[in-house]
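Residue numbers (the numbering used here), protein chains in the order written: chain P, 1207 to 2153; chain U, 200 to 668. Cβ coordinates follow ideal geometry from the N, Cα and C atoms, glycine included. Remember, predicted model here, so these are calculated numbers, not experimental data.
This is how it looks when you write it as structure tokens:
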């Protein structure tokens, strides 16, 4: 048996996060992928589903569908009481071919590797090379000359080149790579990726390898198997099937809405896709396509051509159209049902009397080819239509029926349903308002969107009722539900901010505004209450005293009184490095910061002063206790005595036997393989223990770039934190040393990660920090508005999950890897402490001369109830000034330029001003808050300042 | 089929359709206020699975300037928005005023009232209540030659023709007919705001406007007791006085139990029921050919329910005491007009009432519920305008009981409703509605922490300050 696996990573690069999902949706793109099937088709065995969205727009999308509609129109549109098109989805196995060819190019000088695939799809060759003398399995970037046009470099080790059809008529998508055999290239490695499904086609868990030279040491092995094409030889064909139903299922649900926040995570969760190979291979040793000739150890390449059959399960879009009309002669209701699903389609149907939708069998007559099924339903075989590949049936029913219910049966195992429910066509009520349905396009569209939402609502109801019998279904539904809930949350936040801003101020409220309100409502681990202000409670030197916990304990009430609600403590575990970021025994909490008992004491005092405590947990890597037989440190000790299966396989330094890393590697220590069940189980237990034993309320997650966010979701769900934030730190985009204005790709990566966690965690807004650097340092305040007039960092896209900061123990402190521009700190804090997002303040800044100003800013934030979802309106983003109004309550400006808030109905009072003496007399920052009460003293002072 | 099995179950659980009230001042002049917020709010409610929204339509907004001149435009916009959002609309026709936000009666009515203060209810001191017209003028031509009933009828007819495109489709759920102060079938026996931390008084009888006194006199003469027709009970306490401040409501031997008491209370309550009957039959006939239900709202006068005389109910016009089932007449009147009843105060529970007020919202609700069930009147619930601790919990309890069998209208959308302190609780409430305890118990508890909404903990002291209805 040769096993072929498809790696996870359903990262869909086309997916852009949009902060506000619309309720009306785009046409499902999966409709494209099924047309023109020239290849043999066989029906998928079990999974079909219905796309909840129905719009007439979809119908217009292709000619065949227009024909469907046209059919109904013949019977005079006035008669039609109801008309609807249900796009349905089936999984179909599409079989195709996949070939690899190595031959000489025309000039007989260079060689050419061609990879082609006949399946429809958006195929990408993800490839790299290895050079002579390389050891290990790492790839390198091929030389520039070798890269076909359209290639995109991926990190520093791979190239992605799309497969193209050479001409319209071609069956194969192809890519050709030319190379010179005299180069130092030892082999070409590749995997095939389908961008549409995100599936990776690999070769038995490894990449495909085309060696261009033979290795001496291989010679002995190859004798007798002269042409080592075991995998590819002759008649033996492996069948690659993507078992991606689960992931596919999620895709379906995603289609209705524009990408919403939670569902990408859902997608990825199921992306540990298995790929099985059904065929057995004679030579199971081969994991590379090796063209070997033992006699010729120099580069005497021989051409070859190999073909494989490949099966992909694609979702196929079909349509079921239903029209209801009333027969003028008999007064009966006629339901006309048609579909373009190929083959025999049986409608399993009934009628109902009321909203309960209980199936009943109506009185005869029935259409031809109808049988009664267990006295509960009728089964009618759809009759092929004269035109096109469609089939349909007419059902004549008495007028009193309330609705027509049906499901479609394609074969014994394949049913098409309305999500988990029956298709439903209303009959009653239609007659009382004839002509209402389908009268105009706009009407139909609204009805469509309505039924879409109804579908979703039913979904929620089913869910909430906890009625789903199968657990997997439950999980899937839960994902859908959560994304809907997130959308609801966003809409509510929007409504709230507008309603609130228009509340007329009554004296009582003015009084309450002066009080600091701390809502005690817990909202989610991604946001806390939404009103959190974070304190980073240590710096790079904190370990030196060896009694940091005790020192911090002294300051607990002071920090709390400044207005902080959450404090982030240093990593608590035993660590190879004193700062704690090289953890070793996770259960040993005696560190350079103090003992476990001191830690508990500290947490207790922090709780006493009303703060929540975040533990800094390093989940990406762990230092080993012992060496393996090769002398490599990859065997762990302590309570979690994992072996090298817990270490990722793709970092050659640590010789892990786990799977490939699901993220970037941190090279200084063995990276933990989170795909291992036992690892996850142990880590969850550990987090639970930390919550229980120490009393941590939440987490700051170190180096989350190193592993997939879906695992983080898993950990957070298991440990139920009050608040969690991840450190996803990578480089911003620069061109010729100058930072690009548009940092969308940078923030997209962070948002993608948050998405992968399903919004269960926030992330540090590195983008905002970077942009603030350039804006403040170079006096380029225009950078603080993106193309859409929103904040340019993560906070502009997903404010509730952005943890804004200007400095931390790595960027600043004594390390200073990426220090915030000196002297501009208060402008930075003026920005993050007035804006949405959850602001984090660095310890060094709190205990410095900035302290009182930071305290004032926090107090303005609290007094005005600014929270992580507050609305920000950017009023000015020019060279020397940035000004914004937040929640229509707080006006702020930074930069030497001039700004005055609109005087209009609001009276502004000065909360804080800061001065940058180098820039003359104009204040470098001004924070104002709207006040309904005239406070002459402040107002005068403010006017004086502006002048 | 699986869905068949589910069908019944879901039906049973979903029998209560859930609505949320739109802000009282959603329309002013001819335009929609906070259009964007309403629009986002509607989407959120739809996604949440609500059946629809309740829209208060004010006499003072639509027929503001002069008699017969209607401006429906803002409300039409709302109806269209609601339809587009895929929600249903339950309309309340408000022939009364709102104090917060301030929505008065039509200007021309107030002008008439300036010279003829007897179109308003009056208390013993002769102080008029300008929140609605006195029921005694229902059939007197006091409004530029028309009777209020005629004016109400014209209003309803105009509404019907203007909204004909919506009635039967978007407005299928119902039209609520305003019946008195705050839309409720009652006398304005309590004036001003009830404060939650003070014991409410007994309230005052409102039979002192000229026309009421006239009716009382006639009635007394017809009964052969002309002396009883000269005014209201002389020994009844004033608004904020405790029932014990005078002898009318005395638990034992109070005047309420005397023949005079019975004479007066019978008359006083029958006037109210007759008024309700007039308005509901008007609405029923106007909308008889439309597929809509007509609703009327009955107040939950729960303070002093623990006494034998139920003073708050008596002054409000419900002759319901320890010895007399007064709500049966009310229910019978609703049944006669095939109308459904709206009961507010579904969020009130006994344990949060001030002990001194001998209040019992739960038992009063059960009492009214029993009367309604006897006459087959369907009950729709609302929460009280003042809010209540653990209100959502109590609402849920009522929704699962017999006290509520039609729909529930949550009052009301606005800043408070969508606030981070409240909205997640509401979402939780909606989600839990269909989830009997039995099921929630079966779910692993850790799942409960996964979403924003799941992890909300109900605060025991939460108090919802809703705008007044």
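Going along chain U in order, which residues have a C-beta closer than 9 angstroms to the C-beta of residue i?
{"i": "residue 1886/P", "result": "Simply none; closest approach about 14 angstroms."}
Anything in chain P within Cβ reach of residue i, meaning under 8 angstroms, just list it in chain order.
{"i": "residue 191/U", "result": "Past the boundaries of the shown model lies residue 191/U; chain U is included only from 200 to 668, so the question cannot be answered."}
{"i": "residue 281/U", "result": "Ordered by position in chain P, no residue passes the 8 angstroms Cβ test against residue 281/U, which lies about 11 angstroms from the chain."}
Going along chain U, which residues have a C-beta under 8 angstroms from residue i?
{"i": "residue 2220/P", "result": "Absent from the structure is residue 2220/P, since the part of chain P shown begins at 1207 and ends at 2153."}
{"i": "residue 1690/P", "result": "246"}
Below 7 angstroms on C-beta distance, what does residue i contact in chain U?
{"i": "residue 1693/P", "result": "246"}
{"i": "residue 2179/P", "result": "Residue 2179/P is absent from the structure shown; chain P starts at 1207 and stops at 2153."}
Who are the near neighbours of residue i in its chain, counting only those whose CB is closer than 7 angstroms to its CB and skipping five residues on each side?
{"i": "residue 317/U", "result": "408, 409, 410"}
{"i": "residue 1699/P", "result": "2075"}
{"i": "residue 2107/P", "result": "2091, 2097, 2114, 2134"}
{"i": "residue 1840/P", "result": "1830, 1834, 1850, 1853, 1860, 1861, 1862, 1876"}
Residues in its own chain within less than 8 angstroms of residue i by CB, not counting five upstream and five downstream?
{"i": "residue 1581/P", "result": "1567"}
{"i": "residue 1677/P", "result": "Residue confidence for residue 1677/P is low, a pLDDT of 49 falling below 50, so the modelled location carries little weight; the figure read from the coordinates is stated next. Contacts found: none."}
{"i": "residue 1895/P", "result": "1793"}
{"i": "residue 1985/P", "result": "2085, 2086, 2101, 2102"}
Looking only at its chain, what residues have a beta carbon closer than 6 angstroms to the beta carbon of residue i, apart from the 5 residues adjacent to it on each side?
{"i": "residue 358/U", "result": "none"}
{"i": "residue 257/U", "result": "293, 302"}
{"i": "residue 2030/P", "result": "1982"}
{"i": "residue 229/U", "result": "270, 272, 273"}
{"i": "residue 1745/P", "result": "2015, 2019, 2049, 2050"}
{"i": "residue 2148/P", "result": "Reliability of the predicted coordinates at residue 2148/P is poor, the pLDDT of 30 falling under 50, and no value is obtained from them."}
Counting only Cβ pairs nearer than 9 angstroms, list the residues of chain P close to residue i.
{"i": "residue 626/U", "result": "1691, 1694, 1695, 1698"}
{"i": "residue 447/U", "result": "Per Cβ cutoff of 9 angstroms: no residues; residue 447/U is ~37 angstroms from chain P at best."}
{"i": "residue 161/U", "result": "Outside the displayed span of chain U (200 to 668) sits residue 161/U, for which this structure offers no information."}
Find the residues of chain P that neighbour residue i, judging by a C-beta separation of less than 7 angstroms, and give them in chain order.
{"i": "residue 486/U", "result": "In chain order: nothing, as chain P lies at least about 15 angstroms away."}
{"i": "residue 362/U", "result": "Simply none; closest approach about 14 angstroms."}
>> Beta carbons nearer than 9 angstroms to chain U: which residues of the segment 2066 to 2081 of chain P have them?
In response: Those would be 2073, 2075, in chain order.
> If we count Cβ pairs, one from each stretch, closer than 8 angstroms, do we get three or more for the segment 2083 to 2097 of chain P versus the segment 2049 to 2057 of chain P?
Replying inline: Touching, no.
>> Measuring CB atoms only, is the segment 229 to 243 of chain U touching the segment 1696 to 1704 of chain P, in the sense that at least three cross pairs come out at less than 8 angstroms?
In response: Cβ pair count under 8 angstroms is three or more, so yes.
> Hey, is the segment 1739 to 1750 of chain P in contact with the segment 1780 to 1800 of chain P, meaning 3+ C-beta pairs nearer than 8 angstroms?
Replying inline: Yes, since at least three Cβ pairs between the segment 1739 to 1750 of chain P and the segment 1780 to 1800 of chain P fall closer than 8 angstroms, the two stretches touch.
> When Cβ atoms are compared, which residues of the segment 248 to 272 of chain U fall closer than 8 angstroms to chain P?
Replying inline: Closer than 8 angstroms at the C-beta level to chain P, one finds these residues of the segment 248 to 272 of chain U: 248.
>> Which residues of the segment 219 to 240 of chain U have a Cβ closer than 7 angstroms to any Cβ of chain P? Give them in chain order.
In response: Result list: 233, 235, 236, 239, 240.
>> By the 7 angstroms beta-carbon criterion, what residues does the segment 592 to 618 of chain U contribute toward chain P?
In response: If you check each beta-carbon in the segment 592 to 618 of chain U against every beta-carbon of chain P, the ones closer than 7 angstroms belong to 613, 614, 617, 618.
> Is it true that the segment 568 to 581 of chain U meets the segment 618 to 625 of chain U, where meeting means three or more beta-carbon pairs spaced less than 8 angstroms apart?
Replying inline: No, the segment 568 to 581 of chain U does not touch the segment 618 to 625 of chain U.
>> Extract the residue ranges of the alpha helix (DSSP H) inside the segment 1911 to 1946 of chain P, only unbroken runs of 4 or more that lie entirely within it.
In response: Assignment of alpha helix (DSSP H) within the segment 1911 to 1946 of chain P, counting only whole runs of 4 or more residues, yields 1915 to 1925 in chain order.
>> For the segment 1287 to 1304 of chain P against the segment 1317 to 1331 of chain P, do three or more pairs of beta-carbon atoms, one drawn from each stretch, fall closer than 8 angstroms, so that the two count as touching?
In response: By the Cβ rule, the segment 1287 to 1304 of chain P counts as touching the segment 1317 to 1331 of chain P, because three or more pairs are nearer than 8 angstroms.
> Can you give, in chain order, each stretch of the alpha helix (DSSP H) that sits fully within the segment 1725 to 1802 of chain P and has at least 4 residues?
Replying inline: Complete alpha helix (DSSP H) runs here, min 4: 1754 to 1767.
> Pairing CB atoms from the segment 1360 to 1379 of chain P with CB atoms from the segment 1874 to 1886 of chain P, are three or more of them under 8 angstroms?
Replying inline: No: the two stretches stay apart, fewer than three of their Cβ pairs being nearer than 8 angstroms.
> Using 8 angstroms as the Cβ pair cut-off and three pairs as the minimum, do the segment 1811 to 1818 of chain P and the segment 1846 to 1866 of chain P touch?
Replying inline: Contact fails: fewer than three Cβ-Cβ distances are below 8 angstroms.
> In chain order, which beta strand (DSSP E) runs of at least 3 residues are fully inside the segment 326 to 356 of chain U?
Replying inline: Runs of the beta strand (DSSP E) inside the segment 326 to 356 of chain U: 327 to 332.
> With contact counted as at least three CB pairs below 8 angstroms, one residue from each stretch, are the segment 360 to 375 of chain U and the segment 484 to 500 of chain U in contact?
Replying inline: Enough Cβ pairs lie closer than 8 angstroms, so yes.
>> Ignoring anything shorter than 4 residues, give me the alpha helix (DSSP H) runs that lie fully in the segment 1986 to 2071 of chain P, in order along the chain.
In response: Assignment of alpha helix (DSSP H) within the segment 1986 to 2071 of chain P, counting only whole runs of 4 or more residues, yields 2000 to 2003, 2031 to 2040, 2049 to 2052, 2057 to 2069 in chain order.
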